[in-house]
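Since the structure comes first, as structure tokens, the remarks are kept for the end.
Residue numbers (this note's numbering): 18 to 84.
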């Protein structure tokens with residue numbers, strides 16, 4: 018029984034600490050989120066294009082070597 022009370026108190030304490038820490042967080046603005054999302058999409062797209070071109074180049078070189 019003592020463990021249950023102790024556990025309940027610990028859970029309450031943990032919850033209160035989480036709420037306190039979340040109040041300290043500086044949340045990004047909608048503009049910051051939009052900008053970050055666009056940057057990530059562009060970087061992923063450019064990386065995909067680069068890898069595709071590199072793959073095509075290596076495939077072409079390998080086809081010349083092993084022909």
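For glycine and all other residues, C-beta sits at the position ideal for the given N, C-alpha and C.
Straight-line gap, residue 75 to residue 38 (C-alpha atoms, nearest Å): Taking the first residue of the chain shown as position 1, residue 75 is located at position 58. Taking the first residue of the chain shown as position 1, residue 38 is located at position 21. If I take the Cα positions, the gap works out to 51 Å.
Distance, residue 70 Cα to residue 60 Cα: Taking the first residue of the chain shown as 1, we reach residue 60 at position 43. Taking the first residue of the chain shown as 1, we reach residue 70 at position 53. Their Cα atoms are separated by approximately 15 Å.
Between the CA atoms of residue 46 and residue 57 - distance to the nearest angstrom: Within the chain shown, numbered from 1, the residue matching residue 57 stands at position 40. Within the chain shown, numbered from 1, the residue matching residue 46 stands at position 29. Residue 57 and residue 46: Cα-Cα distance of roughly 17 Å.
Residue 48 - containing alpha helix (DSSP H), residue span: Taking the first residue of the chain shown as position 1, residue 48 is located at position 31. Its alpha helix (DSSP H) spans residues 47 to 82.
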